[in-house]
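Visitor:
Residue numbers (the working numbering): 280 to 627.
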């Protein structure tokens with residue numbers, strides 16, 4: 280009887296696995312799996328990116344192929360020594376997956392585009408190196424930590440910090456919300472309860488991934504109150520997080536000044552920019568602009584240029600399902616950043 284029940288149980292599990300795969304019920308693993316394996320522990324930072332390695336694949340939304348090559352420091356960049364070469368002007372670019380350039384080839388990322396444009400200017404000027412230190416999943420606090428521990432070693436003359444609306448939610452979740460486990464995966468604290476055995480089945484079984492994903496989402500939903508519309512409200516649910524973000528940026532401005540560098544705050548709106556603007560939900564750039572004026576920091580708001588491009592161009596600026604920028608979107612960001620750097624004479 281026990282043998283019969285065991286065999287029947289195995290058959291049911293196998294049939295369930297086949298059914299889940301046929302209807303594609305499980306969340307995709309491709310890009311998610313690769314991006315998780317990109318991370319590595321760090322003694323100071325919440326995590327860093329694995330150095331000297333290349334990841335290739337297809338996005339989990341099936342919208343673009345990707346090739347992410349990291350240098351020895353773990354950045355999606357060319358090899359850079361900490362010591363700044365004689366006669367070189369250095370820019371350090373910080374941010375999350377937008378600064379990293381997910382959704383575009385390396386040459387199409389906004390930091391690489393800015394670097395090429397600055398070096399292609401006519402006349403005499405120093406060579407410009409842009410240290411591309413964007414890390415997916417980062418937000419102002421870990422970005423400040425990266426600047427403080429590693430960024431200053433590159434002796435930058437300008438520090439650019441990219442901001443996206445999700446930085447407010449990530450600040451709410453905090454540094455403790457995610458960590459790198461012993462197998463090298465970036466996990467939420469709620470996901471860590473499944474352990475190494477659960478991780479194995481999550482990766483190799485669509486049925487297990489479907490069940491575990493729902494379980495983890497329920498745990499997160501029960502612990503955190505995430506309401507995206509509140510990001511766009513003055514004195515809203517996330518006012519404490521806005522204040523924390525301002526404190527982090529103030530600390531970054533002080534760090535930049537301590538090494539005779541200028542801080543530039545770059546605002547990149549989300550994929551729902553047109554709807555948010557039409558609804559009058561323009562609080563993030565207004566708040567950041569006010570902070571920048573009070574602290575003598577250059578603020579670059581790419582919203583007007585993105586809206587103009589949406590109205591005049593047929594090329595999408597954001598991937599429909601992934602929601603990060605397309606190469607066309609990154610080109611708009613790069614152009615606005617280039618104009619701000621040159622018109623404000625932040626780059627010689």
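The beta-carbon is built from N, C-alpha and C at its ideal position, and this holds for glycine as well.
#1: Can we say the segment 354-373 touches the segment 403-416, given the rule of at least three CB pairs closer than 8 Å?
#2: Comparing C-alpha positions only, which one of 353, 352, 383 and 334 sits nearest to residue 610?
#3: May I ask you to report which of helix, strand or coil DSSP gives residue 469?
#4: Determine which residues share a DSSP beta bridge with residue 546 and list them.
#5: Have a look at residue 449 and residue 400 and give me their C-alpha separation to the nearest angstrom.
#6: Output the distance between the C-alpha atoms of residue 398 and residue 406, rounded to the nearest integer angstrom.
#7: Along the chain, where does the alpha helix (DSSP H) that runs through residue 624 open and close?
#8: Nearest to residue 455 by CA position, among 420, 443 and 440, is which residue?
#9: Kindly indicate which three-state DSSP category residue 567 falls into: helix, strand or coil?
#10: Taking the C-alpha atoms as reference points, what is the distance between residue 512 and residue 360?
#11: Please state if the CB of residue 440 and the CB of residue 542 are separated by a distance shorter than 8 Å.
#12: Is the segment 607-622 in contact with the segment 386-397, if contact means three or more CB pairs nearer than 8 Å?
#13: Would you list the one or two residues that DSSP bridges to residue 597?
#14: Thinking C-beta only, is residue 589 closer than 8 Å to residue 553?
#15: Between the Cα of residue 526 and those of 586, 547 and 567, spot the shortest distance and give me the residue it belongs to.
#16: Quickly, what does DSSP pair residue 250 with across the bridge? List them, please.
#17: Can you check the segment 324-384 for any alpha helix (DSSP H) of at least 4 residues that lies completely inside it and give the ranges in chain order?
#18: Using the C-alpha atoms, what's the distance from residue 301 back to residue 368?
#19: Please name the residue, chosen from 328, 544, 599 and 622, that lies closest to residue 578 on a Cα-to-Cα basis.
#20: Can you tell me which of the three DSSP states residue 504 falls into?
#21: Measuring CB to CB, does residue 442 end up less than 8 Å from residue 534?
#22: Select from 623, 626 and 602 the residue whose C-alpha is nearest the C-alpha of residue 381.
#23: Under 7 Å Cβ to Cβ from residue 627, same chain only, skipping five residues before and after it: list those, please.
Guide: According to the data block:
#1: yes
#2: Residue numbering aside, residue 610 sits at position 331 when the chain shown is read from its first letter. Of 353, 352, 383 and 334, the residue nearest in Cα terms is 383.
#3: Here residue 469 refers to the residue found at position 190 when the chain shown is read from its first residue. Residue placement at residue 469 is poorly supported in this model, since its pLDDT is 48, which falls under 50; the coordinates still yield a value, given next. Coil.
#4: Against the chain shown, residue 546 aligns to sequence position 267. Partner(s): 442 and 580.
#5: As a position in the chain shown, residue 449 is number 170, starting the count at 1. As a position in the chain shown, residue 400 is number 121, starting the count at 1. Approximately 37 Å, taken between the alpha carbons.
#6: By one-based count along the chain shown, residue 398 stands at place 119. By one-based count along the chain shown, residue 406 stands at place 127. The straight-line gap from Cα to Cα measures roughly 6 Å.
#7: As a working note, residue 624 is residue 345 in the chain shown. Segment: none, residue 624 is in no alpha helix (DSSP H) and carries neither H nor E.
#8: In the chain shown, the residue the question calls residue 455 occupies position 176. The residue with the shortest Cα to Cα distance from residue 455 is 420.
#9: The residue given as residue 567 occupies position 288 in the chain shown. Looking at residue 567 - three-state DSSP - the assignment turns out to be helix.
#10: Reading the chain shown from its first residue, position 233 is the one you call residue 512. Reading the chain shown from its first residue, position 81 is the one you call residue 360. Those two C-alpha atoms are separated by around 43 Å.
#11: Indexing the chain shown from 1 puts residue 542 at position 263. Indexing the chain shown from 1 puts residue 440 at position 161. Contact flag set, yes.
#12: Contact holds between the segment 607-622 and the segment 386-397, because three or more Cβ pairs, one in each stretch, are under 8 Å apart.
#13: Counting from one through the chain shown, the residue named residue 597 turns up at place 318. BP columns for residue 597 point to 604.
#14: Looking up residue 553 in the chain shown gives position 274. Looking up residue 589 in the chain shown gives position 310. Taking a C-beta distance under 8 Å as the contact criterion, residue 553 and residue 589 qualify as a contact pair.
#15: Here residue 526 corresponds to residue number 247 of the chain shown, with the count starting at 1. Here the closest residue by C-alpha is 567.
#16: What the structure shows of the chain is the stretch from 280 to 627, and residue 250 is not part of that stretch, so it cannot be assessed.
#17: 376-379
#18: Against the chain shown, residue 368 aligns to sequence position 89. Against the chain shown, residue 301 aligns to sequence position 22. Roughly 55 Å separates the two Cα atoms.
#19: Taking the chain shown and counting its residues from 1, one reaches residue 578 at position 299. With distances taken between Cα atoms, residue 578 lies closest to 544.
#20: Mapped onto the chain shown, residue 504 falls at position 225. Three-state result, residue 504: coil.
#21: Position 163 of the chain shown holds residue 442. Position 255 of the chain shown holds residue 534. In terms of Cβ geometry, residue 442 and residue 534 do not form a close pair [threshold 8 Å].
#22: Position 102 of the chain shown, counting from 1, holds the residue named residue 381. When each option's Cα is compared against that of residue 381, the closest is 602.
#23: Looking up residue 627 in the chain shown gives position 348. Correct list, in chain order: 368, 404 and 405.
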